[in-house]
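Count the sequence shown with our numbering and you get residues 877 to 962, in order. Ideal Cβ placement from N, Cα and C applies to all residues, glycine included. Working notes for the structure below.
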Amino acid sequence: MPEISRFFGVIIRMYYDDHEPPHFHAIYGSDEAQIGIDPIKLLQGNLPHRALSMVLEWAALHQAELKENWKRLHASQTANKIEPLK
Numbered sequence: 877m878p879e880i881s882r883f884f885g886v887i888i889r890m891y892y893d894d895h896e897p898p899h900f901h902a903i904y905g906s907d908e909a910q911i912g913i914d915p916i917k918l919l920q921g922n923l924p925h926r927a928l929s930m931v932l933e934w935a936a937l938h939q940a941e942l943k944e945n946w947k948r949l950h951a952s953q954t955a956n957k958i959e960p961l962k
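Below you can see the structure in the form of structure tokens.
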């Protein structure tokens, strides 16, 4: 499960050959959520409000890169790292 970014204690991962719709996993402590890429929204799971807000902001800034990584991983290619939220 490639880690594609990390910021403020949040780890962002995407899995090879994961199920549709295109999404990524955000992990913060013991909490985990699946976040849809297009549209950007919480699909499943739970994060504290502040962490979720940061993840959604980050995803909006990097939506095109997230889409590209989804395609790359489903073509058995390596995911690219994405700049963290600053």
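For this session: Give me the Cα-Cα distance between A940 and D907, rounded to the nearest whole angstrom.
Result: Going by the C-alpha atoms only, they are around 25 Å apart.
Exercise. Residues in its own chain within less than 6 Å of L818 by CB, not counting five upstream and five downstream?
Worked result: No statement about residue 818 is possible, as the shown extent of the chain runs from 877 to 962 and does not include it.
Exercise. Residue range of the beta strand (DSSP E) that L937 falls in?
Worked result: Premise fails: L937 lies in the alpha helix (DSSP H), H925 to L937, not in any beta strand (DSSP E).
For this session: Could you tell me the boundaries of the beta strand (DSSP E) in which D893 lies?
Result: Where D893 is concerned, there is no enclosing beta strand (DSSP E), given that its DSSP letter is neither H nor E.
Problem set entry | Check whether A927 and Y904 have beta carbons under 8 Å apart | For the 8 Å CB-CB criterion, A927 and Y904 form a contact.
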